[in-house]
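Remarks on the structure that follows.
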Amino acid sequence: METAFEEGKRLARQYRGSHKALTVKTMLDQLIIQPRPPSPPPCSLGNVLTAEDMSDTLTRIASVHYERREFDLALDYHTSALQLCESVNPLNLASIATNLVGIANAHRAKNELSEALDYAKRALTIRESIEPIDEASVGKSLGTLANIYLELGDNTEALQAGMRAFDIFQRILPSNSPESAGLLNNLGAIKLRQGDIAEARQYFEQSIRIYRQILPESHPYIAKLKNNIEFVSRMQQKELEN
Numbered sequence: 001m002e003t004a005f006e007e008g009k010r011l012a013r014q015y016r017g018s019h020k021a022l023t024v025k026t027m028l029d030q031l032i033i034q035p036r037p038p039s040p041p042p043c044s045l046g047n048v049l050t051a052e053d054m055s056d057t058l059t060r061i062a063s064v065h066y067e068r069r070e071f072d073l074a075l076d077y078h079t080s081a082l083q084l085c086e087s088v089n090p091l092n093l094a095s096i097a098t099n100l101v102g103i104a105n106a107h108r109a110k111n112e113l114s115e116a117l118d119y120a121k122r123a124l125t126i127r128e129s130i131e132p133i134d135e136a137s138v139g140k141s142l143g144t145l146a147n148i149y150l151e152l153g154d155n156t157e158a159l160q161a162g163m164r165a166f167d168i169f170q171r172i173l174p175s176n177s178p179e180s181a182g183l184l185n186n187l188g189a190i191k192l193r194q195g196d197i198a199e200a201r202q203y204f205e206q207s208i209r210i211y212r213q214i215l216p217e218s219h220p221y222i223a224k225l226k227n228n229i230e231f232v233s234r235m236q237q238k239e240l241e242n
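Mapping the sequence shown onto full-length UniProt numbering, position 87 (from 1) lands on 87, and the numbers just tick up by one.
Listed below in C-alpha cells is the structure:
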C-alpha cells in the first residue's frame, strides 16, 4: 500500500511532468495560492425589480418604440407589460389600462382597427371602474375611441365618444390644454364627415386658437389646421355660389 509520503512524491512528479516549462519556484507559488471564494451568481433583474417595476419599464420602452414608429416592437413590449400587470396581486388597474391603450394605439397605427377598438373599449371599461375615478384618463380613453370610430367610418359613435371626452376636458383641464386642442380638431373632422361644415369650421378655429397659445406658428399642427380651415372655407363659398 502506498504511503502518504510516496503518494506525495508521485503527485509531485506528475505535477512536475505536466508543468515542465515552469520553474520550481513558480510551481510552488501556484500551489500555495489561496483558492478564491466562489463568485456570487450573476444578479438577475428579477431579484432586484418587482413585477410592477418591470412592467413600468416595459411600458416606457414600448412608448419609445411607438414614438419611433416601430409599432410592432411597441405592441410586443406593451403586451409583455400587460401580461406582467395581470400576473400580480393586487392588480394595478391603472397600469393595465395604460397598456391596453398602448396596444390599441399600436394596432391603430398598423391599421388594425378592429383590434384597436377592442383594446380601447377594455381600457375605457377599466378606467371607468377605478375608484376614485380619474376623469382625465377616462377622457383620454374616450378620445382614443373617437379617433378609432372615425377611422372606421362610424361617425355617430365617434361623435358620441368625442363629445363625452370634450365635456370632461372642459370641466377638469385648463382652457388651453393640448388635449382639448387635439380633441377639438377631431370633432371638426367628425362634423365635416357628417356634412356640418359650419360646425366643423368652429371646432377647427377653436383648436387653432389653443394651439397658437402653446405652439410656435410653424408647428405642423397649426399648419394642418390652417389647411382644414381653408378647405371648409372653400366648401362654404361653393355653397353660397350655388
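C-beta atoms are modelled at their ideal positions from N, C-alpha and C, and glycine is treated no differently.
| query | With 16 other CB atoms within 10 Å as the buried threshold, where does residue 25 fall? | reply | At residue 25 the pLDDT is 48, less than 50, meaning the model places this residue with poor confidence; the figure from the coordinates comes in the next sentence. Residue 25 should be labelled exposed.
| field | Close Cβ partners of residue 62 (< 6 Å) along its chain, the five nearest in sequence each way excluded | value | 74, 77, 78 and 102
| task | Determine the DSSP secondary structure at residue 88, reduced to helix, strand or coil. | result | coil
| task | Flag this pair as yes or no: are the beta carbons of residue 113 and residue 151 separated by less than 8 Å? | result | yes
| request: Measure the Cβ-Cβ separation of residue 130 and residue 94 and say whether it is below 8 Å. | output: yes
| request: Kindly indicate which residue of 192, 173 and 211 has the alpha-carbon position closest to the one of residue 233. | output: 192
| Helix, strand or coil: how does DSSP classify residue 78 here? | helix
| query | Just checking my contact of residue 254 with residue 186 at CB under 8 Å: how many whole Å lie between their CB atoms? | reply | The structure shown does not extend to residue 254, since the chain is modelled only from 1 through 242, so no value can be given for it.
| query | Quick one, which of 229, 171, 87 and 157 has its alpha-carbon nearest residue 206's? | reply | 229
| Residue burial classification, residue 45 (beta-carbon count within 10 angstroms, cutoff 16) | Any answer about residue 45 is weak, because its pLDDT of 45 lies below 50 and its placement is not dependable; what the coordinates show is given next. Result: exposed.
| Thinking C-beta only, is residue 143 closer than 8 Å to residue 183? | yes
| field | 8 Å CB neighbourhood of residue 66 in its chain, flanking five on each side removed | value | 74, 102, 105, 106 and 109
| request: Consult DSSP for residue 107 and reduce its assignment to one of helix, strand or coil. | output: helix
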